[in-house]
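There are 2 protein chains.
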Amino acid sequence: MAICHHHQPSFTIPSSFPFTTNLSNKSRLHLPSSFRCNLSVTTNLEPEPVYTAVKSFAPATVANLGPGFDFLGCAVDGIGDYVTLKIDPQVHPGEVSISEITGTGNSAKLSKNPIWNCAGIAAISVMKMLNIRSVGLSLSLEKGLPLGSGLGSSAASAAAAAIAVNEIFGGKLPALDLVLAGLESEAKVSGYHADNIAPAIMGGFVLVRSYDPLELIPLQFPVDKNLYFVLVNPEFEAPTKKMRAALPKEITMSHHVWNSSQAGALVAAVLQGDLKGFGTALSSDKIVEPRRAPLIPGMDAVKKAALEAGAYGCTISGAGPTAVAVTDDEEKGREIGEKMVEAFMAEGNLKALAMVKQLDRVGARLVSSIPR
Amino acid sequence: MAICHHHQPSFTIPSSFPFTTNLSNKSRLHLPSSFRCNLSVTTNLEPEPVYTAVKSFAPATVANLGPGFDFLGCAVDGIGDYVTLKIDPQVHPGEVSISEITGTGNSAKLSKNPIWNCAGIAAISVMKMLNIRSVGLSLSLEKGLPLGSGLGSSAASAAAAAIAVNEIFGGKLPALDLVLAGLESEAKVSGYHADNIAPAIMGGFVLVRSYDPLELIPLQFPVDKNLYFVLVNPEFEAPTKKMRAALPKEITMSHHVWNSSQAGALVAAVLQGDLKGFGTALSSDKIVEPRRAPLIPGMDAVKKAALEAGAYGCTISGAGPTAVAVTDDEEKGREIGEKMVEAFMAEGNLKALAMVKQLDRVGARLVSSIPR
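Line by line, the protein sequences are chains A and B.
For what it's worth, our numbering labels the leading residue of the first sequence as -17, then goes sequentially.
For what it's worth, our numbering labels the leading residue of the second sequence as -17, then goes sequentially.
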């Protein structure tokens, strides 16, 4: 059931997957069973644009998920980045220009040079895959996510851009190609890892089984169950280098077995819709969280506060500083969030903002379009 | 959905689980939602025997399962150990006596002293849990599994004994208590690990999430799918000490992340019934198998032969020397087995025996009984 890039001649996505179910919501993102084969035949044909402009959205993502470090991520609904993309005769054919970047706090830091911008890199990559040579595009990026928050900000920009370019030319590429395009962007901006970009594009939970070939396993959280993420983002710039340096180089066998079993339990809990088991596994990382939490002032107290307030589990989102807790009730989520915000202030002397967001099961999608 | 020993007042087993489904096949192995609570109240009452004799069976198990090292195991049907248990006035009340041990090759090695015999230890443990003081039992053990083969021989004996004692007194104890009884036996005989005893008692795939408290997660492989294990047992005594010593003490971060992601993929494949994904994950261990395979003559060639013959995956069963490959077709399984046997001879100069067995979804059960 994995979605695999190279070694499979065709995609095999069972009909029960949210990924397939979601297609109706995803305008025309193709996930056909044999599209890649056709593509290799038709790759020299440049597709015509089907819209003059599109607007897309891609959600925030929570990667790592405790024992899911570096291979598991999920998308959260109602927060993310927007891309508006236009056919632009002013832009050199085959190229993309970034006309505007707007949005939250630190987005002014972002380069408008497309080869240094996550959205730009992903857009160029998709244009190359589609072999676009006759049309120029201008892209406007609206950041809904702060940079460096641990919520997959760069992945959301890349995912929104990738799907916008694909859709403006008729949605020829399958999701996996868009993930590859986004991965190029992630590699330049935040490291070669797909655990944000894959769920940003595909929605839901995605397990990254391998990179060579890229093989992704969508994990369906049961549609009849609620899952809310309490995301608490403190005013604190997580020292990315320190966060990386804090990772142990060597791990004991017993910690490895422990974390692996928790990773297995985490995956089982997602597929079985077991919130309690999900929270327990999420909170159980003995390898990464214990090293990184001390670098985020108040994090240990925030986790404690979340669990005491009734969260099923809590850990660091991505590389932080955002803390993520889980619950099955939105109102309960708000209470948990308040306690977490209080703990960030009391123990870390940090102001923080809490949000309660549902699992996003759709991933990157068009929100509007202007036909030609 | 985990089955948990201490911290939960009751078991929570969803009705969709094979574990529950299998109850109809399992005579009266109790899995009630609140039995443990009742037990703590009624623990001083000694249950009456409901049979004068019972015969039980417990299946072989494949533990480790590649990246599932030390926390994941499953049961295989049609091969295992039998226990015949009788109410015996000749035996001192509250005690168990081992009257006979029969069966395959090296079973003569086993002690008839119940405190040194896996079946005896588990039987005594269950008798203590049930507070049996007025009845003595005699136990006869029929080994269907060779010792030290990597197929959970000691766990099968313990599981068969545990369920026999529980059933002869009316099946008062839930499965988790029987696993705890079996774990006592395993701890004395082969180390404190539940990845054989849990599936031997519960059937199917079982993930051991934690030991303190003992928490087990049954993983249901879809009932409409076939899963065959090709078990190839060479005439070779795996050097247990060497097998343990071969384990690395420290693991690199990249190997840890790889194996964890494969563990997650393995669990997903079981729950999704994805044979191909299951085989790929099974074969992907970069930590344990590469250290242990060289200690089993021919193992690398056997794995290669299995994959070339069309197996979805192959690894070492338990600590070896048995090799386990997986397929969805019995006839195909026989062909794969032949190639594996040939490879053991050609590359390891070892005679070997191949069996093709289905996943056992039931676990330890009564096969006959004589009412009082």
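Glycine residues also receive a C-beta, built at the ideal position from the N, C-alpha and C atoms.
Predicted model, so just to flag it, every value in this text is computed and none were measured.
Going straight from the alpha carbon of residue i to that of residue j, what length do you get?
i	j	result
B:LEU213	B:CYS56	13 Å
A:GLU166	A:SER172	10 Å
B:MET322	B:LYS333	11 Å
A:HIS238	A:VAL344	33 Å
A:ASN215	A:ALA305	7 Å
B:ASN95	B:GLY134	21 Å
B:SER22	A:LYS285	The predicted position of B:SER22 is uncertain, since its pLDDT is 39 and thus under 50; a value taken from the coordinates is nonetheless stated next. Each residue's alpha carbon lies about 34 Å from the other.
A:ILE269	A:GLY315	27 Å
B:GLU217	B:TYR210	22 Å
A:LEU47	A:LEU341	13 Å
B:PRO106	B:ARG191	It is Ile, not Pro, that sits at residue 106 of chain B in the sequence shown. Each residue's Cα considered, the two are about 26 Å apart.
A:TYR193	A:TYR174	9 Å
A:ALA101	A:ARG274	29 Å
A:ALA179	A:ALA142	This sequence places Ile at residue 179 of chain A; Ala is not what is there. Taking the straight line joining both Cα atoms gives about 10 Å.
B:ARG115	B:ALA137	26 Å
B:GLY259	B:ALA328	29 Å
B:GLY153	B:PRO181	18 Å
A:SER120	A:ALA157	22 Å
A:GLY330	A:MET281	7 Å
A:ALA42	A:ALA146	17 Å
A:PHE187	A:LEU253	10 Å
B:GLU290	B:ASN148	45 Å
A:ILE97	A:ALA104	9 Å
B:GLY195	B:GLU312	Strictly speaking, residue 195 of chain B in this sequence is Pro, with Gly absent from that position. Spanning the two alpha carbons is a distance of roughly 39 Å.
B:ALA90	A:ALA283	58 Å
B:LEU348	A:ILE61	56 Å
B:SER236	A:PRO272	18 Å
A:VAL205	A:GLY126	26 Å
How about residue i and residue j: do their beta carbons lie closer than 8 Å?
i	j	result
A:LYS68	A:ALA40	no
B:LEU54	B:LEU189	yes
A:GLY302	A:MET225	yes
A:TYR64	A:SER81	no
B:ALA144	B:GLU168	no
A:ALA336	A:GLU320	yes
B:THR339	B:ASP52	Contrary to the premise, residue 339 of chain B reads as Lys rather than Thr in this sequence. It is not a contact, given that the beta carbons lie outside the stated cut-off.
A:ALA346	A:ASP177	no
B:ALA220	B:ILE278	yes
A:SER265	A:THR297	yes
B:SER350	A:ASN241	no
B:VAL78	B:MET109	yes
A:GLY292	A:ILE318	yes
B:PRO353	B:TYR33	yes
B:LYS207	B:GLY255	yes
A:PRO29	A:PHE151	yes
With a threshold of 7 Å, establish whether the CB of residue i neighbours any heavy atom of the ligand GDP.
i	result
A:GLY280	Because no ligand of any kind appears in the structure shown, any question about the ligand GDP cannot be addressed here.
Got a sec? Which residues, its chain only, sit under 7 Å from residue i by beta carbon, not counting five neighbours each side?
i	result
B:LEU92	ILE83, ASN99
A:VAL117	PRO31, ILE69, PRO75
A:ILE233	ILE269
A:GLU124	ASP63, TYR64, THR84, GLY85
B:MET111	LEU155, ASP159, ALA163
B:PRO49	ASN241, GLN244, ALA245, LEU248, ALA263, SER266, ASP267
A:PHE203	GLY186, PHE187, LEU209, VAL252, GLY255, LEU341
A:LYS170	ILE103
A:GLY261	ALA293, TYR294, GLY295, VAL308
Within its chain, find whatever has a CB closer than 8 Å to the CB of residue i; leave out the 5 residues flanking it on each side and keep chain order.
i	result
B:ASN88	PRO128, LEU129, GLY130
A:LEU382	For residue 382 of chain A there is no data in the structure shown, the boundaries of chain A being -17 and 354.
Counting only the same chain and skipping the five closest in sequence on each side, list residues whose C-beta sits under 6 Å from that of residue i.
i	result
A:ALA287	LYS321, MET322, ALA325
B:THR66	LYS37, SER122
B:LEU257	TYR294, ASP310
Determine, using beta-carbon pairs with one atom in the stretch 185 to 203 of chain A and one in the stretch 240 to 254 of chain B, whether at least three such pairs fall under 8 Å.
-> yes
Proximal residues, the stretch 226 to 249 of chain B versus chain A, C-beta separation under 8 Å | Near chain A, meaning a CB-to-CB distance below 8 Å, the residues of the stretch 226 to 249 of chain B are LEU229, PRO230, LYS231, GLU232, ILE233, THR234, MET235, HIS238, VAL239, ASN241, SER242, SER243, GLN244, ALA245, GLY246, ALA247, LEU248, VAL249.
Chain A contacts made by the stretch 167 to 194 of chain B, where a contact means CB separation under 9 Å | LEU189, VAL190, ARG191, SER192
Which residues, taken in chain order from the stretch 44 to 73 of chain A, show a beta carbon closer than 8 Å to some beta carbon of chain B?
-> PRO49, GLY50, PHE51, ASP52, PHE53, LEU54
Chain B contacts made by the stretch 194 to 213 of chain A, where a contact means CB separation under 8 Å | Those would be ILE199, LEU201, in chain order.
Return the residues of the stretch 133 to 167 of chain B that lie within a Cβ-Cβ distance of less than 9 Å from chain A, sorted by chain order.
-> none
Residues of the stretch 253 to 268 of chain A with a CB closer than 7 Å to any CB of chain B: list them in chain order, please.
-> LEU253, GLN254, ASP256, GLY259
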